[in-house]
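Scroll down for the structure; my scribbles are underneath it.
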Amino acid sequence: NGDWEIIGIEHPDFIKERPYRVVVSDVLDKKGSWRHVIKGADALIHFSAVNPYPNATWQESAESMSHTFNVFLEAKAQRVPRIILASSNSFFCC
Numbered sequence: 006n007g008d009w010e011i012i013g014i015e016h017p018d019f020i021k022e023r024p025y026r027v028v029v030s031d032v033l034d035k036k037g038s039w040r041h042v043i044k045g046a047d048a049l050i051h052f053s054a055v056n057p058y059p060n061a062t063w064q065e066s067a068e069s070m071s072h073t074f075n076v077f078l079e080a081k082a083q084r085v086p087r088i089i090l091a092s093s094n095s096f097f098c099c
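Position in the sequence shown counted from 1, then plus 5, gives you our numbering.
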């Protein structure tokens with residue numbers, strides 16, 4: 006019905022032209038400018054990864070988890086009612 010808007014949050018190093026509004030920020034920054042974007046959101050869809058491939062280092066994997074943690078904590082604080090999480094098909098183990 007046209008009563009919704011898609012707003013992307015993109016890391017400054019990975020900006021591309023998108024068919025929707027983009028806020029440039031790094032979700033690793035817990036107090037970053039990205040936080041205002043989710044205020045009043047009906048839903049949040051999270052795809053963030055530092056390196057989404059199986060060759061990711063433990064450091065990259067930890068940063069990806071920090072992305073998720075920061076976004077989820079802020080979504081909770083902003084009372085976003087729905088979160089969709091997309092994760093890689095990779096599993097890191099021993």
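Cβ coordinates follow ideal geometry from the N, Cα and C atoms, glycine included.
Just so you know, these numbers come straight off a predicted model, no measurement behind them.
Are VAL76 and HIS41 closer than 9 Å when you measure CB to CB?
-> When the beta-carbon positions are compared, VAL76 and HIS41 stay at least 9 Å from each other.
Considering only C-alpha positions, which residue in the set LYS81, ILE43, GLU79 is nearest to ARG9?
-> Note on residue identity: the sequence assigns Trp, not Arg, to residue 9. Distance check between TRP9 and each of LYS81, ILE43, GLU79 places ILE43 closest, using alpha-carbon atoms only.
How about ALA48 and ILE89: are their beta carbons less than 9 Å apart?
-> Yes, the pair counts as a contact, with Cβ atoms nearer than the cut-off.
Which two residues bound the contiguous alpha helix (DSSP H) that contains LEU78?
-> If you look at LEU78, you'll find it in the alpha helix (DSSP H) that goes 63 to 82.
Count the other CB atoms, across all protein chains shown, that sit within 10 Å of the CB of GLU22; report buried if there are 16 or more and exposed otherwise.
-> So GLU22 ends up on the exposed side.
Give a yes or no on whether the C-beta atoms belonging to SER71 and PRO57 are separated by under 9 Å.
-> Their beta carbons are not under 9 Å apart, which means SER71 does not touch PRO57 by this criterion.
Give the straight-line distance between the Cα atoms of TYR25 and GLY13, rounded to the nearest whole angstrom.
-> A straight-line Cα-Cα distance of about 7 Å links TYR25 and GLY13.
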